[in-house]
Each structure stands twice: as structure tokens, then as C-alpha cells.
Amino acid sequence: MIGAVAQGESFWPEAVIQRGLVIYICFFKGADEDLVPKIVNTLLNVKLSENESGEYVSVLDLPGNVLIIPQATLGGKLKGRKMQYHANIEKEKGLELYSQFVTLCEKELAANAKCVEAGVLVKYGTYGNRQVLKLDTNGPYTHLIEF
-10 MIGAVAQGES FWPEAVIQRG LVIYICFFKG ADEDLVPKIV NTLLNVKLSE NESGEYVSVL
50 DLPGNVLIIP QATLGGKLKG RKMQYHANIE KEKGLELYSQ FVTLCEKELA ANAKCVEAGV
110 LVKYGTYGNR QVLKLDTNGP YTHLIEF
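Each step along the sequence shown adds one to the number in my numbering, with nothing skipped, and position 73 is 62.
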């Protein structure tokens, strides 16, 4: 799930970003290392943010910051009156894929001249921990993208 934001923070000082993209990510069973580059490429290049001219551009073209939130509850399915998470990947494998995802996002932004010049940041939550998040958005403007 991704959303363009005016500003976002999780309540750790090091996780504050300005304008950019918040990515909530959950890995399902069957996900593997080959999928991570496709996810990163898609999310960093999708045109969701408006530039000064009102055109929709990617977070790379904006350039904007990225806040990555591991969100296992996205894999939940309602069964009766309870949520079940049987479709989620095993925790250890999820942590491995999450780490690769974060690293690849950092590399892609570091390789982009606009992002480097603007001092763009990639911030991320801790996999497997509860997190508190505060967002200022220009919408509601949230999208679910499945791979």
C-alpha cells in the first residue's frame, strides 16, 4: 500500500520525512528475492505526486523522501469476526525480504542525481515491531498494489 504525503513520521525522530512517499509493505507466502527489484522499481516510478506544475510525477522525479513501514496486517483476511494471517510469509523470510527491499530503495535513490542533489532520505520502520505513525496527506490518497 502506498500513498503520497505532504509529511510523515513514525514516533522516532530518525523516521521523520517531508514530502514524498509512504510505503506500507507486507510479503505473502511465495514471495522471493526475485520479486523485490520489481516491487522497488514499480513503487519508486509510479506517478503519484504532484510537482509545482500540477503534473503527476514519481517520487524519483519529484524528488521526494520515502518512509517504509512493514505492515503484516495487510495480509489479513476476515474469517467470521476475526482476522487471520495465514497468507503472510514466515517472519524470518519476511525480515530478509524487507531488508532487501529497504536496501534496494536506498540504492535506487542514491543512484538518482535529482534525489542526491535534493538530499532525499529513505527512512524505515523496524520489521516485526509495533509502530505509531502520523501523516499529513493531500488526500485520502492511498493505493493497494499487489505483486
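For each residue, glycine too, the CB sits at the ideal point set by N, CA and C.
Strand pairing of residue i, partner residues [DSSP]
| i | result |
| --- | --- |
| Gly64 | According to DSSP, which records beta bridges pairwise, Gly64 is partnered with nothing at all. |
C-beta contact flag for residue i and residue j at 9 Å
| i | j | result |
| --- | --- | --- |
| Asn54 | Val109 | yes |
| Asn57 | Gly114 | According to the sequence displayed, residue 57 carries Ile and not Asn. Taking 9 Å as the Cβ cut-off, Ile57 and Gly114 qualify as a contacting pair. |
Option in the options with minimal Cα separation from residue i
| i | options | result |
| --- | --- | --- |
| Thr62 | Cys15, Gln7, Val11, Leu93 | Cys15 |
| Leu84 | Val35, Cys94, Asn118, Gln73 | Asn118 |
| Glu191 | Lys82, Ile57, Cys94 | Since the displayed the chain opens at -10 and closes at 136, residue 191 lies outside it and no answer follows. |
Rounded separation between residue i and residue j - CA only
| i | j | result |
| --- | --- | --- |
| Leu10 | Gly69 | 34 Å |
| Glu95 | Val111 | 6 Å |
Same chain, Cβ closer than 7 Å to residue i, neighbours up to 5 away in sequence not counted
| i | result |
| --- | --- |
| Ile28 | Phe90, Phe136 |
| Thr20 | Inspection of the sequence shows that residue 20 is occupied by Ala rather than by Thr. Only Ile78, Leu86 meet the Cβ criterion. |
| Pro26 | Leu93 |
Residues of its chain near residue i, where Cβ-Cβ distance is below 8 Å and the 5 sequence neighbours each way are ignored
| i | result |
| --- | --- |
| Gln60 | Met(-10), Tyr13, Ile14, Cys15 |
| Leu49 | Leu33, Asn34, Glu97, Leu98, Asn101, Lys103, Cys104 |
Cutoff 6 Å; reference residue i; Cβ partners in own chain excluding five residues on either side
| i | result |
| --- | --- |
| Ile134 | none |
| Ala107 | Pro52 |
| Lys66 | Gln73 |
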